[in-house]
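Peer 1: Using our numbering, you'd call the opening residue of the sequence shown number 42 and step up by one each time. From the three backbone atoms N, C-alpha and C, an ideal C-beta is built for every residue, glycine too.
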Amino acid sequence: MNICVFLSAADLDERYTRPAREFAELLGKGGHTLVWGGSDVGLMKVVADGVQEAGGRLVGISVEFLQDAARPVADEMVVARDLAERKALLLDRADAVVIMVGGTGTLDEATEILELKKHGKTTKPVVLLNTAGFYDGLKQQFRRMEDEGFLPVPLTDLVFFAEEPVGALAYLEESAGVL
């Protein structure tokens, strides 16, 4: 599978890097391809290193203004004109999406794929990896949206919440029939 991961490029604490590294190793050992923002810094680097070291492929989609931070060695590296094109290319190349810890860029990417799913424009499985409870508040907000009628489809049709990396990958593989 080509698994797109939306995540931070910041240098983060071990409570975030350890699970990210674990997910990356599972992805690589499973023979999957990482499709990611292409950066060779912070958590993006941790995940790319883990996938590559475990034998997986790397497809990076960088953007012109961040090209200096792009990973120098990937199986494929595409440079988009802007963030909108980058996001479209990431989603186009993905069979599935995992949302890891991140900031506003990660939230932007996450809401884009969920909006596409809500409107039936994609059926790709989406996992929100809730490392160290990072997305507990967002999960609560999504449930409120569902309870109060803001979501025209059940929340479970939009996103699967995983607390651990192994559960995230298991869900994706089961969704794709890769068992």
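Does the structure place the segment 203–217 close enough to the segment 166–176 that three or more beta carbon pairs sit under 8 Å?
Peer 2: yes
Peer 1: Using only CA atoms, which one of Thr74, Pro193 and Thr164 lies nearest to alanine 95?
Peer 2: Thr74
Peer 1: With which residues is phenylalanine 202 paired in a DSSP beta bridge?
Peer 2: Leu169
Peer 1: Going by beta-carbon coordinates alone, are methionine 186 and leucine 192 separated by less than 7 Å?
Peer 2: yes
Peer 1: Select from Asp90, Ser49, Leu213 and Ala51 the residue whose C-alpha is nearest the C-alpha of aspartate 136.
Peer 2: Leu213
Peer 1: Report the residue from Asp133, Gly71 and Lys70 whose alpha carbon sits nearest the alpha carbon of glycine 101.
Peer 2: Asp133
Peer 1: Please identify the residue among Phe64, Leu99, Ala129 and Pro113 whose C-alpha is closest to the C-alpha of isoleucine 154.
Peer 2: Looking only at Phe64, Leu99, Ala129 and Pro113, the smallest Cα-Cα distance to isoleucine 154 is reached by Ala129.
Peer 1: Between valine 92 and the rest of its own chain, which residues show a CB-CB distance below 7 Å, the 5 nearest in sequence each way excluded?
Peer 2: Ala65, Leu68, Gly69, Leu75 and Leu99
Peer 1: Return the CA-CA distance between glycine 143 and aspartate 149, expressed in angstroms with no decimal places.
Peer 2: 10 Å
Peer 1: Valine 104 to serine 80, Cα distance in whole Å?
Peer 2: 9 Å
Peer 1: With H, G and I counted as helix, E and B as strand and the rest as coil, what does DSSP make of methionine 118?
Peer 2: strand
Peer 1: Could you compute how far the alpha carbon of glycine 97 sits from the alpha carbon of glycine 190?
Peer 2: 41 Å
Peer 1: Which residue marks the beginning of the beta strand (DSSP E) containing leucine 131, and which one marks its end?
Peer 2: No beta strand (DSSP E) holds leucine 131; the alpha helix (DSSP H) holding it covers 124–134.
Peer 1: Could you check which residue in Gly71, Leu53, Val194 and Val120 has the C-alpha nearest to that of glycine 78?
Peer 2: Ranked by how close their Cα comes to the Cα of glycine 78, the residues Gly71, Leu53, Val194 and Val120 have Val120 in first place.
Peer 1: Considering only C-alpha positions, which residue in the set Lys159, Glu156 and Met141 is nearest to proline 60?
Peer 2: Met141
Peer 1: Run through DSSP, which three-state label would serine 80 get?
Peer 2: strand
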